[in-house]
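Trainee: Keeping their order, the protein sequence lines are chains L and X. With the numbering used here applied, the first sequence covers 1 to 702. With the numbering used here applied, the second sequence covers 1001 to 1112. Got a structure for you, written out below as structure tokens; questions coming shortly.
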Amino acid sequence: MTYQSNRVDTHPTSTISGFEVRPGKPLPFGVTPALNGLNFSIFTSSGTSCTLVLFRLGEIKPYAEIQIPESFRVGNVYSIVVFGLDIENLEYGYRIDGPNDFASGNAFDQSKILMDPYARLISGRDTWASDPDWNNPFPYRSRVPLDDFDWGDDKQLEIPSQDLIVYELHVRGYTISNTSEVKYAGTYAGLVQKIPYFKSLGINAIELMPIFEYDEYENSRDHPETGEKLYNFWGYSTLGFFAPKAAFASTGHLGMQVDEFKQLVKSFHAAGIEVILDVVFNHTAEGNEQGPVLSFKGLDNKVYYMLTPEGYYFNFSGTGNTLNCNNPIVRNLVLDCLRYWVAEYHIDGFRFDLAAILGRDPLGYPLSNPPLLESLAFDPILSKAKLIAEAWDAGGLYQVGTFPAFGRWGEWNGKYRDCVRRFLKGDQGMVGELAQRVQGSPDLYESSGRSPATSVNFITCHDGFTLHDLVSYNDKHNEANGEYNRDGGDDNYSWNCGEEGYTCDEGILQFRLRQMQNVLTILFMSRGVPMLLMGDEFARTQSGNNNAYCLDSPVSWVDWSLLENNKHLFDFTKALISIRNNHPSLRVNSFSASGSNVLGLSSSSFHGSSPYQPDWSDSSKQLAWMFSCDLEDSSSADAVYVFANMSQFASWCDLPQLPDSATWSIAINTGDRASPFARDPGSPFNSNGLLVGEHSVVVLTT
Amino acid sequence: MSSLSFSKTSHLDWSVLSVDGQIDSKTVGQFQDALNQISVDALRLAIDLTKVTFMSSAGLRALLVIHNKASAQGTTLSFVGINDDIQDVMRVTGFLEHFTLVSTLDDLAVVT
Chain L
1 MTYQSNRVDT HPTSTISGFE VRPGKPLPFG VTPALNGLNF SIFTSSGTSC
51 TLVLFRLGEI KPYAEIQIPE SFRVGNVYSI VVFGLDIENL EYGYRIDGPN
101 DFASGNAFDQ SKILMDPYAR LISGRDTWAS DPDWNNPFPY RSRVPLDDFD
151 WGDDKQLEIP SQDLIVYELH VRGYTISNTS EVKYAGTYAG LVQKIPYFKS
201 LGINAIELMP IFEYDEYENS RDHPETGEKL YNFWGYSTLG FFAPKAAFAS
251 TGHLGMQVDE FKQLVKSFHA AGIEVILDVV FNHTAEGNEQ GPVLSFKGLD
301 NKVYYMLTPE GYYFNFSGTG NTLNCNNPIV RNLVLDCLRY WVAEYHIDGF
351 RFDLAAILGR DPLGYPLSNP PLLESLAFDP ILSKAKLIAE AWDAGGLYQV
401 GTFPAFGRWG EWNGKYRDCV RRFLKGDQGM VGELAQRVQG SPDLYESSGR
451 SPATSVNFIT CHDGFTLHDL VSYNDKHNEA NGEYNRDGGD DNYSWNCGEE
501 GYTCDEGILQ FRLRQMQNVL TILFMSRGVP MLLMGDEFAR TQSGNNNAYC
551 LDSPVSWVDW SLLENNKHLF DFTKALISIR NNHPSLRVNS FSASGSNVLG
601 LSSSSFHGSS PYQPDWSDSS KQLAWMFSCD LEDSSSADAV YVFANMSQFA
651 SWCDLPQLPD SATWSIAINT GDRASPFARD PGSPFNSNGL LVGEHSVVVL
701 TT
Chain X
1001 MSSLSFSKTS HLDWSVLSVD GQIDSKTVGQ FQDALNQISV DALRLAIDLT
1051 KVTFMSSAGL RALLVIHNKA SAQGTTLSFV GINDDIQDVM RVTGFLEHFT
1101 LVSTLDDLAV VT
């Protein structure tokens, strides 16, 4: 007699609508396997009745509605075990009755069938851009995955933050172009086929733009002039926080996206590459008063959303509504979600879109100790996961440097991006700030006890110009988005190097290449965590579009033919990554490190044409920095010296002296067009100084 | 109600269970019943899926379960003739890496 067959609760207690049922367990929320049945559990604080609605896979009309008896309710949670269901062919939802009074914030409507906020599998958008049935009253269905993946020995990689090299990408955009030459183009499986490429480049973390289920048809429209279909391509609008996007899976039509995405994580881990998810908790796909009722609105509108006293939706996200993240119920939802992705998918870290919203109270005021951020920082399941904030929101809260970090949170450093861009194009008055940025921004993070790896340094990300476009356009060119070029940011700090956009002027093209090399060099020679945008290593262009959120077209797709054409930039980036990996002084993760006793150098120091004499003046456009540290054996040491000259004149540079035991060698010289990186790193450079060309960066290492 | 049909044969030194039909949540029980009858004493078991046109998630899981069971009891298990579409699904969802696959029954000769 087994333990299971002897249990009392393997048997139904009653029959409702022809289904054998028994009272369920209220926790965990969502659907979990019960013996011989499924346990459904759903929360509603003000709902007055709850009906479980069952569909056969793909059928418009439900085949059963089971009103959950009041006797099955515990507190505000309805739960029920239903026996004898065919999991694979089951879709479900809920109807909740209750008050519907706009001003009070209640929006119950029993005619709506609602998605389970804890649904781990969602059907309805199984194949990308396959025209939906607009008359389907319940387009998105909750389903039940088994979550029984065979992980073998896999676990989170736990790469120390300071050693990370992050690569941001969009799952579909990365391989959907036929130039990608992968079999499973545009999918999780297609991304797995690019692992050899990632290994060759040398990155060790991919950061995936949203992969939580979303609807590419949300606000889809035709371009007013070209007629091109415009989608929600990026996906910053979550339908289900627990479900991977089906249409990114080559097996989405079979409902196997859960397995396919887990196989992605397992494959990347086997290659030594972490998987970080870009997660969007600041709002949902339900929009504002005019938006659809899909789940939260009908389950408990005033719990899940920040509402004005009149019942309208606050819009700190810029997209219609704002998730009420510091309500205890919502806080638990977020926590449960992230725990699930870590425990069940082995995810290595999260980047939180518009994370400043997560620190607002239910009326939108910033909290000094936001309970949600604290809970995430100290959670036992999340304790090895990277937590990275986009530390601002669309409501004007900008918290780079002041985001409530609880010793755990990293930040996308927008100030790094802006400072380095401005220095690159030759703005005056940037040198002082640049010195802070390349050290990991101690001005932002040191006083609160944080470390350089708090700072995720980047020049470009999905939001804004690509690297190629940063040096090719002064202005955005977003006409393809169908909003008459009004959308997208105007503070790009970009410079076209002499002509706007396309040019065949060889001098300008060479200069743009050098500028790309310059800024990549600064990025990888800075302390903190470098992040690269997909394709920047081979000069991907969006033709000046700095906000390609709605384009599912060659504009937003990675064109892999550029890899062949711009192989030299790929090789250059690869060399930078290799330098970073070989030189631990670039990865020192403390603002108070002692430097190198062996070499007699401090951890970081700044220089100009002469050692230790940086030109801090407003007109200065050059800065040299030197990092050093002793190695673990304490008898050898490392030093890296970077001279960045963004003026239009060449500049002599006297090198800081090293003790006899060490010599400099040139690793990078972007002014040397023929060989901007050393092909035989380590060959000694025996002069006391060198001429650094105009708009050039030189790196020397020990 | 869809159903599977089975035939039991032997080929070389292999016991062979041939399956015809679609393996999904509705038929997977029949598949498991058939396996339970055969797998107990066979040292070399081949499951011929040449005539299986479709396998759902439930079908793939049944393969992995029988694979794990076979490993545990020391049975050598091979799958024969899985079509390319099903193999694609198995590859991208991770099932394939567990299994020994051959194209035809005669190819069993090279399985050690």
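Cβ atoms here follow ideal geometry from the backbone N, Cα and C, with glycine treated the same way. None of the values given here were measured: they were computed from a predicted structure.
Does the CB of Ile87 (chain L) have a neighbour CB from chain X at under 8 Å?
Mentor: Taking the first residue of the first sequence as position 1, residue 87 (chain L) is located at position 87. Cβ-Cβ to chain X under 8 Å: yes for Ile87 (chain L).
Trainee: Could you tell me whether the Cβ atoms of Leu1045 (chain X) and Thr1075 (chain X) are closer together than 8 Å?
Mentor: The count along the second sequence starts at 1 and reaches residue 1045 (chain X) at position 45. The count along the second sequence starts at 1 and reaches residue 1075 (chain X) at position 75. Cβ atoms of Leu1045 (chain X) and Thr1075 (chain X): closer than 8 Å.
Trainee: My output table needs one value for Asp101 (chain L): the three-state DSSP class, helix, strand or coil.
Mentor: Within the first sequence, numbered from 1, the residue matching residue 101 (chain L) stands at position 101. It is a strand residue.
Trainee: Ser111 (chain L): buried (16+ other C-beta within 10 angstroms of its C-beta) or exposed?
Mentor: As a working note, residue 111 (chain L) is residue 111 in the first sequence. Exposed: under 16 other Cβ atoms inside 10 Å.
Trainee: Let's see if you can read the secondary structure: which residues bound the alpha helix (DSSP H) around Val420 (chain L)?
Mentor: For the purposes of this step, residue 420 (chain L) is taken as residue 420 along the first sequence, with counting starting at 1. Start and end: 414-424.
Trainee: Are Val279 (chain L) and Phe198 (chain L) close, meaning C-beta to C-beta below 8 Å?
Mentor: The residue you call residue 279 (chain L) lines up with position 279 of the first sequence. The residue you call residue 198 (chain L) lines up with position 198 of the first sequence. Going by C-beta atoms, Val279 (chain L) is not nearer than 8 Å to Phe198 (chain L).
Trainee: Under the DSSP definition of a beta bridge, which residues are partnered with Val1052 (chain X)?
Mentor: Here the question's residue 1052 (chain X) lines up with position 52 in the second sequence. Its beta-bridge partners are X:Gly1021.
Trainee: Can you pull out the residues from the region 1013-1029 of chain X whose beta carbon lies closer than 8 Å to at least one beta carbon of chain L?
Mentor: Listed by position, the residues of the region 1013-1029 of chain X near chain L (Cβ gap below 8 Å) are Asp1024, Ser1025, Lys1026.
Trainee: For Leu1064 (chain X), return the contacting residues in chain L, with the cut-off set at a CB-CB distance below 7 Å.
Mentor: By 1-based counting over the second sequence, the position of residue 1064 (chain X) is 64. Ordered by position in chain L, the residues that pass the 7 Å Cβ test against Leu1064 (chain X) are Asp150.
Trainee: Look up Trp664 (chain L) in the DSSP assignment and say whether it is helix, strand or coil.
Mentor: Looking up residue 664 (chain L) in the first sequence gives position 664. Correct three-state label for Trp664 (chain L): coil.
Trainee: For Gln439 (chain L), is the classification buried or exposed, using 16 other Cβ atoms within 10 angstroms of its Cβ as the cut-off for buried?
Mentor: Working through the first sequence from its first residue, we reach residue 439 (chain L) at position 439. Gln439 (chain L) comes out buried.
Trainee: Give, in chain order, every unbroken run of the alpha helix (DSSP H) that is at least 4 residues long and sits entirely within the region 418-492 of chain L.
Mentor: DSSP runs (the alpha helix (DSSP H)) wholly in the region 418-492 of chain L: 431-438, 442-445, 467-470.
Trainee: Over what stretch of residues does the alpha helix (DSSP H) that includes Leu376 (chain L) continue unbroken?
Mentor: Locating residue 376 (chain L) in the first sequence gives position 376, counting from the first residue. That run of the alpha helix (DSSP H) goes 371-378.
Trainee: Please decide whether Gln263 (chain L) counts as near chain X, where near means a Cβ-Cβ distance under 8 Å.
Mentor: Mapped onto the first sequence, residue 263 (chain L) falls at position 263. Gln263 (chain L) counts as touching chain X.
Trainee: For Trp128 (chain L), does the three-state DSSP call read helix, strand or coil?
Mentor: Your numbering for residue 128 (chain L) matches position 128 in the first sequence. Correct three-state label for Trp128 (chain L): coil.
Trainee: Considering only the beta carbon of each residue, do Met115 (chain L) and Gly320 (chain L) sit closer than 8 Å?
Mentor: For the purposes of this step, residue 115 (chain L) is taken as residue 115 along the first sequence, with counting starting at 1. For the purposes of this step, residue 320 (chain L) is taken as residue 320 along the first sequence, with counting starting at 1. Taking 8 Å as the Cβ cut-off, Met115 (chain L) and Gly320 (chain L) do not qualify as a contacting pair.
Trainee: Tell me, please, whether the region 310-329 of chain L touches the region 338-348 of chain L by the rule of three or more beta-carbon pairs shorter than 8 Å.
Mentor: Output reads no: the region 338-348 of chain L does not touch the region 310-329 of chain L.
Trainee: DSSP three-state label for Gln110 (chain L), please.
Mentor: By one-based count along the first sequence, residue 110 (chain L) stands at place 110. Residue state, collapsed to three classes: coil.
Trainee: For Asn360 (chain L) and Met306 (chain L), I'd like the C-alpha separation in whole angstroms.
Mentor: Reading the first sequence from its first residue, position 360 is the one you call residue 360 (chain L). Reading the first sequence from its first residue, position 306 is the one you call residue 306 (chain L). The amino acid occupying residue 360 (chain L) in the given sequence is Arg; Asn does not appear at that position. Going from the Cα of Arg360 (chain L) to the Cα of Met306 (chain L) covers about 10 Å.
Trainee: Return helix, strand or coil for Ala34 (chain L), following the three-state DSSP convention.
Mentor: Along the first sequence, read from residue 1 onward, the residue named residue 34 (chain L) stands at position 34. Strand at Ala34 (chain L).
Trainee: For Ser1025 (chain X), which residues in the same chain have their Cβ closer than 7 Å to its Cβ, ignoring the five residues on either side in sequence?
Mentor: Position 25 of the second sequence, counting from 1, holds the residue named residue 1025 (chain X). Closer than 7 Å at Cβ, skipping near neighbours: Ser1056, Ala1058.
Trainee: Using a threshold of 8 Å, state whether the C-beta atoms of Phe72 (chain L) and Ile80 (chain L) are closer than that.
Mentor: For the purposes of this step, residue 72 (chain L) is taken as the residue at position 72 of the first sequence. For the purposes of this step, residue 80 (chain L) is taken as the residue at position 80 of the first sequence. Yes, they are a contact pair.
Trainee: Any idea if His283 (chain L) is buried or exposed, counting beta-carbon neighbours within 10 angstroms, 16 or more meaning buried?
Mentor: Residue numbering aside, residue 283 (chain L) sits at position 283 when the first sequence is read from its first letter. His283 (chain L) comes out buried.
Trainee: Just curious, the alpha helix (DSSP H) that Gln257 (chain L) is in, first and last residue?
Mentor: Taking the first sequence and counting its residues from 1, the one referred to as residue 257 (chain L) is at position 257. Taken as a continuous stretch (DSSP letters only), the alpha helix (DSSP H) holding Gln257 (chain L) covers 257-270.
Trainee: For Phe108 (chain L) and Asp126 (chain L), I'd like the C-alpha separation in whole angstroms.
Mentor: The sequence position of residue 108 (chain L) within the first sequence is 108, counting from 1. The sequence position of residue 126 (chain L) within the first sequence is 126, counting from 1. Near 28 Å, if we compare the C-alpha coordinates of Asp126 (chain L) and Phe108 (chain L).
Trainee: What's the call for Val400 (chain L), buried or exposed, on a 16-neighbour Cβ count within 10 Å?
Mentor: In the first sequence, counting from the first residue as 1, residue 400 (chain L) sits at position 400. When all chains shown are included, Val400 (chain L) counts as buried.
Trainee: Output the distance between the C-alpha atoms of Asn582 (chain L) and Thr701 (chain L), rounded to the nearest integer angstrom.
Mentor: Here residue 582 (chain L) refers to the residue found at position 582 when the first sequence is read from its first residue. Here residue 701 (chain L) refers to the residue found at position 701 when the first sequence is read from its first residue. For Asn582 (chain L) and Thr701 (chain L), the distance between alpha carbons rounds to 10 Å.
Trainee: Counting only beta-carbon atoms, is Ser683 (chain L) nearer than 8 Å to chain X?
Mentor: Within the first sequence, numbered from 1, the residue matching residue 683 (chain L) stands at position 683. No - not a single Cβ of chain X is within 8 Å of the one on Ser683 (chain L).
Trainee: Any idea what DSSP makes of Pro196 (chain L), helix, strand or coil?
Mentor: Translated into positions along the first sequence, residue 196 (chain L) becomes position 196. Helix at Pro196 (chain L).
Trainee: Helix, strand or coil, according to DSSP, for Tyr78 (chain L) in the structure here?
Mentor: For the purposes of this step, residue 78 (chain L) is taken as residue 78 along the first sequence, with counting starting at 1. Note: Tyr78 (chain L) maps to strand in three-state DSSP.
Trainee: Buried or exposed: where does Gly186 (chain L) fall if 16 or more other Cβ atoms within 10 Å of its Cβ makes it buried?
Mentor: Translated into positions along the first sequence, residue 186 (chain L) becomes position 186. Classification of Gly186 (chain L): buried, given that the 10 Å Cβ count is 16 or more.
Trainee: In three-state terms, what does DSSP make of Asp222 (chain L)?
Mentor: Start at 1 with the first residue of the first sequence, and residue 222 (chain L) comes out as number 222. Looking at Asp222 (chain L) - three-state DSSP - the assignment turns out to be strand.
Trainee: Compute the Euclidean distance between the alpha carbons of Glu216 (chain L) and Asp469 (chain L), then round it to the nearest angstrom.
Mentor: Looking up residue 216 (chain L) in the first sequence gives position 216. Looking up residue 469 (chain L) in the first sequence gives position 469. Cα to Cα, the separation comes out at about 26 Å.
Trainee: Output the residue ranges of the beta strand (DSSP E) runs that lie fully inside the region 528-595 of chain L and measure 3 residues or longer, sorted by chain position.
Mentor: Those beta strand (DSSP E) runs which fall completely within the region 528-595 of chain L and span 3+ residues are 529-533.
Trainee: Quick check on the burial criterion: 16 or more other C-beta atoms within 10 angstroms. Buried or exposed for Thr1053 (chain X)?
Mentor: In the second sequence, counting from the first residue as 1, residue 1053 (chain X) sits at position 53. Thr1053 (chain X) should be labelled exposed.
Trainee: Does the beta carbon of Asn688 (chain L) come closer than 8 Å to any beta carbon on chain X?
Mentor: Within the first sequence, residue 688 (chain L) is the residue found at index 688, counting from 1. Chain X contact via Cβ: absent.
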